[in-house]
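Enquirer: Residue numbers (the numbering used here), protein chains in the order written: chain A, 778 to 877; chain B, 778 to 877; chain C, 778 to 877; chain D, 778 to 877.
Where a beta carbon is used, it is the ideal one built from N, C-alpha and C, also for glycine.
Since this is a predicted model, take the numbers as computed values, not measurements.
Protein chains: 4
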Amino acid sequence: MLSTSILPLDKGASLSQHVAKVLTVVDESGLDYRLNPMGTVVEGEWDELLKLLTRCFRVLEKESDRISLQAKFDFRKGVRGVIETKIKSVQKEAGRSFRT
Amino acid sequence: MLSTSILPLDKGASLSQHVAKVLTVVDESGLDYRLNPMGTVVEGEWDELLKLLTRCFRVLEKESDRISLQAKFDFRKGVRGVIETKIKSVQKEAGRSFRT
Amino acid sequence: MLSTSILPLDKGASLSQHVAKVLTVVDESGLDYRLNPMGTVVEGEWDELLKLLTRCFRVLEKESDRISLQAKFDFRKGVRGVIETKIKSVQKEAGRSFRT
Amino acid sequence: MLSTSILPLDKGASLSQHVAKVLTVVDESGLDYRLNPMGTVVEGEWDELLKLLTRCFRVLEKESDRISLQAKFDFRKGVRGVIETKIKSVQKEAGRSFRT
Numbered sequence: 778m779l780s781t782s783i784l785p786l787d788k789g790a791s792l793s794q795h796v797a798k799v800l801t802v803v804d805e806s807g808l809d810y811r812l813n814p815m816g817t818v819v820e821g822e823w824d825e826l827l828k829l830l831t832r833c834f835r836v837l838e839k840e841s842d843r844i845s846l847q848a849k850f851d852f853r854k855g856v857r858g859v860i861e862t863k864i865k866s867v868q869k870e871a872g873r874s875f876r877t
Numbered sequence: 778m779l780s781t782s783i784l785p786l787d788k789g790a791s792l793s794q795h796v797a798k799v800l801t802v803v804d805e806s807g808l809d810y811r812l813n814p815m816g817t818v819v820e821g822e823w824d825e826l827l828k829l830l831t832r833c834f835r836v837l838e839k840e841s842d843r844i845s846l847q848a849k850f851d852f853r854k855g856v857r858g859v860i861e862t863k864i865k866s867v868q869k870e871a872g873r874s875f876r877t
Numbered sequence: 778m779l780s781t782s783i784l785p786l787d788k789g790a791s792l793s794q795h796v797a798k799v800l801t802v803v804d805e806s807g808l809d810y811r812l813n814p815m816g817t818v819v820e821g822e823w824d825e826l827l828k829l830l831t832r833c834f835r836v837l838e839k840e841s842d843r844i845s846l847q848a849k850f851d852f853r854k855g856v857r858g859v860i861e862t863k864i865k866s867v868q869k870e871a872g873r874s875f876r877t
Numbered sequence: 778m779l780s781t782s783i784l785p786l787d788k789g790a791s792l793s794q795h796v797a798k799v800l801t802v803v804d805e806s807g808l809d810y811r812l813n814p815m816g817t818v819v820e821g822e823w824d825e826l827l828k829l830l831t832r833c834f835r836v837l838e839k840e841s842d843r844i845s846l847q848a849k850f851d852f853r854k855g856v857r858g859v860i861e862t863k864i865k866s867v868q869k870e871a872g873r874s875f876r877t
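Printed below as a string of structure tokens:
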């Protein structure tokens, strides 16, 4: 599972149009993902996730001279579908529901 | 706005019960937040967010000898309520809806 | 121990002058730190580190409308002086020296 | 330029031997890098850096069931050798030397 965000650093404070282009690439990748207010979580195998990051980077590279890309991977052997189950398992553990 | 995750590094691969305790602190803080599969986004002023991080850290400190805490802040002057509006503005820009 | 970087997002691609102001605050804090090409590592107690982050944020807030600040904490109970010893212990383990 | 750290999450609080194996891979890659107390900065083209991350991941995957890998990329078009020059340019801007 991968949590990522990618931003141009040379486009001023308003970044929605650049984020939109990158997310369209993620949405068309076929991988399961969830958008949150500060990034995107994507589930997949290592090679799939790196191919996706590369496509996102290439899209932004065309229009920006300085790009900041962050990626945090959490890999757990033999565990799949966790993008769906993780929040539920934490809520069950806490005995309450959280805002999502 | 703050995107954060906090984990004990000395408790093995299964971490839901520790995450649940921290999220209960976030949920009771009164600040607006959204849980995602790899972290939590919280909206608030600088001082409010640092107080919340401190409470989360103190909870985990009681039961763990090694803690990893990550925090990514994105502050934009004069912008509030963005935890609600950010995803919408990106979707509008892209002309499509994304999975959330 | 804290690894941090802080950047204005509305100042274009050249950021050295902003980074220099923040590092001057770190240097004058009295805490032990090491600058690297993509961030700064600072050693201290939780409260000391949060006070320092606040001072850095306030300096940049005066001149920027959008700030990105990242902080990764690694706390290990009862362990101090690790900013000096960590690289050595990894080199000893590897049986070779690394570039620093 | 890439700032990265990679850790097993299922090996307890003492991680030097795992970090040592990964750093040996980095050291033998031929890319320019600098180790700091909380991570490693590597300079290279996008494809080179992703190949290196893959090799590091594969080494750790053999011995760990849960891996946390973080990567922060900062790409600036047409700028090379910055791992050497960045600290100097910040020090020049500040008019003082910092601890490295």
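When we look at the beta-carbon of GLY821 (chain C) and count the other beta-carbons within 10 Å, is it buried (16 or more) or exposed?
Expert: Counting from one through the third sequence, the residue named residue 821 (chain C) turns up at place 44. So GLY821 (chain C) counts as buried.
Enquirer: Please report the straight-line C-alpha distance between GLN868 (chain B) and LEU829 (chain A), rounded to a whole angstrom.
Expert: The sequence position of residue 868 (chain B) within the second sequence is 91, counting from 1. The sequence position of residue 829 (chain A) within the first sequence is 52, counting from 1. Going from the Cα of GLN868 (chain B) to the Cα of LEU829 (chain A) covers about 20 Å.
Enquirer: Do you know offhand how far LEU826 (chain A)'s Cα is from VAL819 (chain A)'s?
Expert: Here residue 826 (chain A) refers to the residue found at position 49 of the first sequence. Here residue 819 (chain A) refers to the residue found at position 42 of the first sequence. Rounded to the nearest angstrom, the two C-alpha atoms are 8 Å apart.
Enquirer: Under 8 Å, Cβ to Cβ, is there at least one residue of chain B near GLU870 (chain A)?
Expert: Taking the first residue of the first sequence as position 1, residue 870 (chain A) is located at position 93. Taking Cβ atoms only, chain B reaches closer than 8 Å to GLU870 (chain A), which makes this a yes.
Enquirer: For the segment 842–860 of chain C, enumerate the residues whose C-beta is nearer than 7 Å to any C-beta of chain B, in chain order.
Expert: ASP842, ARG843, ILE844, SER845, LEU846, GLN847, ALA848, LYS849, PHE850, ASP851, PHE852, ARG853, LYS854
Enquirer: Taking the alpha-carbon positions, what's the PHE877 (chain B) to SER806 (chain A) distance?
Expert: Along the second sequence, one-based indexing puts residue 877 (chain B) at 100. Along the first sequence, one-based indexing puts residue 806 (chain A) at 29. First, the residue type needs correcting, since residue 877 (chain B) is Thr and not Phe in the sequence shown. Cα-Cα distance, rounded: 16 Å.
Enquirer: Say whether the segment 838–849 of chain C touches the segment 779–794 of chain C, bearing in mind that this needs 3 or more beta-carbon pairs closer than 8 Å, one atom from each stretch.
Expert: yes
Enquirer: Given that GLY789 (chain C) touches chain A, what residues does it touch there, using C-beta distances under 7 Å?
Expert: Numbered from its first residue, the third sequence carries residue 789 (chain C) at position 12. By Cβ distance, chain A contributes ASP787.
Enquirer: Note down, in chain order, every chain A residue with its Cβ under 8 Å from the Cβ of THR801 (chain B).
Expert: Taking the second sequence and counting its residues from 1, the one referred to as residue 801 (chain B) is at position 24. Within chain A, the residues near THR801 (chain B) are ALA871, ARG873.
Enquirer: Could you pull out every unbroken alpha helix (DSSP H) segment of at least 4 residues lying fully inside the segment 811–856 of chain B, listed in chain order?
Expert: 823–838
Enquirer: Please specify which runs of the alpha helix (DSSP H), each continuous and at least 4 residues long, are wholly inside the segment 783–811 of chain A, giving them in chain order.
Expert: 793–804
Enquirer: For THR862 (chain A), would you say it is in contact with chain D, using Cβ-to-Cβ distances shorter than 8 Å as the test?
Expert: Sequence index remark: in the first sequence, residue 862 (chain A) carries index 85 (1-based). Answer no: the Cβ-Cβ gap between THR862 (chain A) and chain D never drops below 8 Å.
Enquirer: Can you check DSSP and say which residues form a bridge with SER772 (chain B)?
Expert: No answer is possible for residue 772 (chain B): the residues shown for chain B start at 778 and end at 877.
Enquirer: Measuring CA to CA, which of B:GLY858, B:PHE852, B:ALA848, B:GLN794 is closest to SER845 (chain C)?
Expert: Within the third sequence, residue 845 (chain C) is the residue found at index 68, counting from 1. Per the Cα distances, B:PHE852.
Enquirer: If I measure Cβ to Cβ from ILE860 (chain C) and keep anything under 7 Å in the same chain, skipping five residues before and after, which residues do I get?
Expert: For this step, residue 860 (chain C) is matched to residue 83 along the third sequence. Within the same chain, and ignoring the five residues on either side of ILE860 (chain C) in sequence, the residues whose Cβ sits closer than 7 Å to its Cβ are MET778, ASP809, ARG811, VAL818, GLU820.
Enquirer: Since SER866 (chain D) is in the alpha helix (DSSP H), which residue starts that stretch and which ends it?
Expert: Start at 1 with the first residue of the fourth sequence, and residue 866 (chain D) comes out as number 89. Taken as a continuous stretch (DSSP letters only), the alpha helix (DSSP H) holding SER866 (chain D) covers 859–871.
Enquirer: So THR801 (chain B) and ALA871 (chain A) are supposed to be a Cβ contact under 8 Å. How far apart are they, rounded?
Expert: Numbered from its first residue, the second sequence carries residue 801 (chain B) at position 24. Numbered from its first residue, the first sequence carries residue 871 (chain A) at position 94. The Cβ separation is near 6 Å, so the contact holds.
Enquirer: What residues from chain A crowd round ARG876 (chain B), counting only those whose CB sits closer than 7 Å?
Expert: To locate residue 876 (chain B), count along the second sequence from 1; it is residue 99. Near ARG876 (chain B) (Cβ distances below 7 Å), the residues of chain A are TYR810, ARG811, LEU812.
Enquirer: Applying the 10 Å Cβ sphere with the 16-neighbour rule, what's the burial state of SER874 (chain D)?
Expert: Locating residue 874 (chain D) in the fourth sequence gives position 97, where the first residue counts as 1. Exposed, by the Cβ-count rule.
Enquirer: Our contact map puts GLY816 (chain D) next to SER780 (chain D) with C-beta atoms below 8 Å; I'd like the distance itself, whole angstroms only.
Expert: On the fourth sequence, position 39 is the one that residue 816 (chain D) refers to. On the fourth sequence, position 3 is the one that residue 780 (chain D) refers to. Correct: roughly 6 Å between the Cβ atoms.
Enquirer: Are the C-beta atoms of GLY807 (chain C) and some chain D residue less than 8 Å apart?
Expert: Here residue 807 (chain C) corresponds to residue number 30 of the third sequence, with the count starting at 1. The C-beta of GLY807 (chain C) comes no closer than 8 Å to any C-beta of chain D.
Enquirer: In angstroms, rounded to a whole number, what distance separates the CA positions of PRO814 (chain D) and ARG832 (chain D)?
Expert: As a working note, residue 814 (chain D) is residue 37 in the fourth sequence. As a working note, residue 832 (chain D) is residue 55 in the fourth sequence. So the two alpha carbons sit approximately 21 Å from each other.
Enquirer: Counting only Cβ pairs nearer than 7 Å, list the residues of chain C close to GLY821 (chain D).
Expert: In the fourth sequence, residue 821 (chain D) corresponds to position 44, counting from 1. The premise fails here: GLY821 (chain D) is roughly 13 Å from chain C at the closest Cβ pair, so nothing lies under 7 Å.
Enquirer: Strictly below 9 Å CB to CB, what residues from chain B border LEU827 (chain C)?
Expert: For the purposes of this step, residue 827 (chain C) is identified with residue 50 of the third sequence, where counting begins at 1. In chain order: LEU827, LEU830, THR831.
Enquirer: From PHE834 (chain B) to ALA797 (chain B), what distance separates their C-alpha atoms?
Expert: For this step, residue 834 (chain B) is matched to residue 57 along the second sequence. For this step, residue 797 (chain B) is matched to residue 20 along the second sequence. Answer to the nearest angstrom: the Cα atoms are 13 Å apart.
Enquirer: By how many angstroms is the C-alpha of HIS795 (chain B) removed from the C-alpha of GLY855 (chain C)?
Expert: Reading the third sequence from its first residue, position 78 is the one you call residue 855 (chain C). Reading the second sequence from its first residue, position 18 is the one you call residue 795 (chain B). Each residue's Cα considered, the two are about 21 Å apart.
Enquirer: Since VAL867 (chain C) meets chain D, which of its residues come closer than 8 Å, beta carbon to beta carbon?
Expert: As a working note, residue 867 (chain C) is residue 90 in the third sequence. For VAL867 (chain C), the C-beta contacts it makes with chain D under 8 Å involve SER793, VAL796, ALA797, LEU800, LEU812, in order along the chain.
Enquirer: Closest to PHE850 (chain B) by C-alpha separation, out of B:LEU784, B:VAL803, B:TRP823, B:VAL799, would be which residue?
Expert: Taking the first residue of the second sequence as position 1, residue 850 (chain B) is located at position 73. Answer by Cα proximity: B:TRP823.
Enquirer: Examine chain B for any beta-carbon lying closer than 8 Å to the beta-carbon of ASP804 (chain A), and answer yes or no.
Expert: Here residue 804 (chain A) is taken as the residue at index 27 of the first sequence, counted from 1. Yes, ASP804 (chain A) counts as interfacial toward chain B.
Enquirer: Taking a contact to mean a Cβ-Cβ separation below 8 Å, would you say VAL803 (chain C) touches VAL836 (chain C) in this structure?
Expert: In the third sequence, counting from the first residue as 1, residue 803 (chain C) sits at position 26. In the third sequence, counting from the first residue as 1, residue 836 (chain C) sits at position 59. Cβ distance not < 8 Å, so VAL803 (chain C) and VAL836 (chain C) don't count as in contact.
Enquirer: Name, please, each residue of chain B whose Cβ falls closer than 8 Å to the Cβ of VAL818 (chain A).
Expert: Looking up residue 818 (chain A) in the first sequence gives position 41. Within 8 Å Cβ-Cβ: ASN813, PRO814, MET815.
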